[in-house]
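Input: a single structure, listed below in structure tokens.
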Amino acid sequence: MFGLSGGCSPDTDYAARVPAGYDVSYANLVEDGTKEGRLVIWSTTDRKVMRDLLSAFERAYPGITTDYHDLSARDVRDRFLDEEKAGRGNPDLLLSSSMDMQIKLVNDGYAQSYDSPEKGNLPDWANWKNQAWGVTAEPVVMVYNKALLSPERVPRNHMDFVRLLEQRDTELQGRIATYDPASSSVGYLCLSQDNATSGHVWQMAHGLGANRARFFSTSEEVIKDVSSGRSVIGYNVLGSYALDEAARNPELGVVFPADYTLVMSRIAMIPTTSGHPNAARLFLDFLLSAKGQVLLTRHAMPSVRSDVERPMELRGTTAPMRAIRVGPELLIAQDKLTRNRFMKQWNREIEAGAASSKQIGPTG
2 MFGLSGGCSP DTDYAARVPA GYDVSYANLV EDGTKEGRLV IWSTTDRKVM RDLLSAFERA
62 YPGITTDYHD LSARDVRDRF LDEEKAGRGN PDLLLSSSMD MQIKLVNDGY AQSYDSPEKG
122 NLPDWANWKN QAWGVTAEPV VMVYNKALLS PERVPRNHMD FVRLLEQRDT ELQGRIATYD
182 PASSSVGYLC LSQDNATSGH VWQMAHGLGA NRARFFSTSE EVIKDVSSGR SVIGYNVLGS
242 YALDEAARNP ELGVVFPADY TLVMSRIAMI PTTSGHPNAA RLFLDFLLSA KGQVLLTRHA
302 MPSVRSDVER PMELRGTTAP MRAIRVGPEL LIAQDKLTRN RFMKQWNREI EAGAASSKQI
362 GPTG
């Protein structure tokens, strides 16, 4: 749990806290949210990334204290559903990088509608039914250790990565890292999007098995494995975490695949059972505002808005960005039959690759 306090008592001049450009009637929402006094957020985003934004929100709306819980994507969903079933108090806002899980909750009727005044500043793909809101536009990238992989061998697109796997070089054995789609909803979503876009996934899975790849549940774990030199290269990680680590470690290289770069978004929703819905609406608006988005870009989380400048690390990127739409298309990834079929073939290719590696042996 993460609590912040603005340290000042709320005054009653609610109109003075209405953001510039908003209708004067917004003062009513400010008053109602301030009187609620509390905002409970369950999120997959690290506390340290959100700290500045939460502090700024509390300064903008003194009298509202944020209660921030940092959880895994599965915990966000499972705990939320458990609380719903038990009829206990639930969070006021869910913020998750698992786009498909959030959309499933929205589709199942757990989200309330809110027509944010920031809606017009967002691309069409970032909003579904005024219930699911994409708040970032984060590229999915590859990372590599510059000390362990020469520039000419660095894959520049997805098929380059597959070809690197097919070389079966000794130095890559057991030193390729990526998401485990069985334990990571984000990893599964990325792979399903790759499969829909390029169809290289099964060839890649075979190569991962042949190279005895290492599988992890989070982007941070993959990046740490590569940054430390335990692994040489990592596939399909969130660019925000990769760029943040690269700023600290010059040996970590980041690749935006030149054929296409998937763009994911953290999705915010306000549950129908929110105990502080007005405070949640204030926070959602703040999160989507130019001010809130700028605070996110300081942690290499690109803005979903076109009027907010990209993080410096992204400004020279020319790779074509393919945004994953916030909408019902993501429900396919949550279909159990589709997922089971995908995982069955994934495991089959991983095992076949591992078996072929034992038969052929590594090449130098």
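Numbered as in this note's numbering, the sequence shown ends at 365 without a single skipped number.
Even glycine gets a Cβ: it sits at the ideal position worked out from N, Cα and C.
| Check | Outcome |
| --- | --- |
| So what's Ser290 in DSSP terms, helix, strand or just coil? | coil |
| My guess is that Leu285 and Leu94 are in contact by the Cβ rule of under 8 Å, so how many angstroms apart are they, rounded? | 7 Å |
| Assign Ser10 to one of two classes, buried (16 or more other C-beta atoms within 10 Å of its C-beta) or exposed (fewer than that). | In this prediction, Ser10 has a pLDDT of 47, which is less than 50 and means its spatial position is unreliable; nothing more can be read from the coordinates. |
| Going by beta carbon distance, what residues of the same chain come within less than 8 Å of Leu332, once the five residues before and after it are set aside? | Asp101, Ile104, Lys105 and Asn108 |
| Ala269 and Leu288 - do their beta-carbons sit closer together than 8 Å? | yes |
| So, do the segment 65-75 and the segment 236-247 have three or more beta carbon pairs nearer to each other than 8 Å? | no |
| Can you give the Cα-Cα distance for Gly34 and Arg18, rounded to whole angstroms? | 12 Å |
| Is there contact between the segment 292-312 and the segment 242-250, where contact requires at least three CB pairs shorter than 8 Å? | yes |
| Could you give the C-beta distance for Ile65 and Ala280, rounded to a whole number, given that I count them as a contact under 8 Å? | 5 Å |
| Would you check if the segment 173-184 and the segment 319-338 touch, i.e. whether three or more CB-CB distances between them fall below 8 Å? | no |
| Can you tell me which residues form a DSSP beta bridge with Ala112? | Pro272 |
| With Tyr189 as the anchor, note down where its alpha helix (DSSP H) starts and where it stops. | Ser186 to Thr198 |
| Give me, in chain order, the residues of the same chain whose beta-carbon lies closer than 6 Å to that of Leu149; leave out the 5 immediate sequence neighbours on both sides. | Val233 |
| If you follow the alpha helix (DSSP H) that Asp71 is part of, which residue opens it and which one closes it? | Counting along the chain, Asp71 falls outside any alpha helix (DSSP H), though it belongs to the beta strand (DSSP E) covering Thr66 to Asp71. |
| To which residues does DSSP link Pro140 through a beta bridge? | Val264 |
| Is the Cβ-Cβ distance between Leu30 and Thr67 less than 8 Å? | no |
| Using DSSP's beta-bridge definition, name the partner residues of Gly135. | Ile268 |
| Can you name the start and end residues of the beta strand (DSSP E) that Arg323 belongs to? | Met322 to Ala324 |
| What are the partner residues of Ala1, as DSSP defines its beta bridges? | No statement about residue 1 is possible, as the shown extent of the chain runs from 2 to 365 and does not include it. |
| Measure how close the beta-carbons of Lys147 and Glu252 come, nearest whole angstrom, since I'm counting them as under 8 Å. | 5 Å |
| What's the C-alpha gap between Ser229 and Trp347? | 28 Å |
| Do Ala320 and Pro272 have their CB atoms nearer than 8 Å? | no |
| CB-CB under 6 Å to Phe216, same chain, minus the five flanking residues each way: which ones, in chain order? | Asp181 |
| On a Cα-Cα basis, can you pick out the residue from Val223, Ala355 and Arg157 that is closest to Ser185? | Val223 |
| Could you tell me how far apart the beta carbons of Val77 and Thr45 are, in whole angstroms, since I believe they sit closer than 8 Å? | 6 Å |
| Ser304 by DSSP, collapsed to three states: which one? | strand |
| Per the contact definition of three or more C-beta pairs closer than 8 Å, is the segment 200-209 in contact with the segment 154-173? | yes |
| Decide if Arg249 is buried, meaning its Cβ has at least 16 other Cβ atoms within 10 Å, or exposed. | exposed |
| Three-state secondary structure (DSSP) at Asp170? | strand |
| Check this for me: beta carbons of Glu119 and Ser290, under 8 Å apart or not? | yes |
| Just to confirm the assignment, what range does the beta strand (DSSP E) spanning Tyr230 have? | In the sequence under discussion, the amino acid at residue 230 is Gly, which differs from the Tyr named in the question. Here Gly230 belongs to no beta strand (DSSP E), and DSSP marks it neither H nor E. |
| Look at the Cβ atom of Leu263, then the Cβ atom of Leu209, and state whether they are nearer than 8 Å. | no |
| How is Asn158 classed by DSSP in three states: helix, strand or coil? | coil |
| Between Gly254 and the rest of its own chain, which residues show a CB-CB distance below 7 Å, the 5 nearest in sequence each way excluded? | Val144, Tyr145, Lys147 and Val155 |
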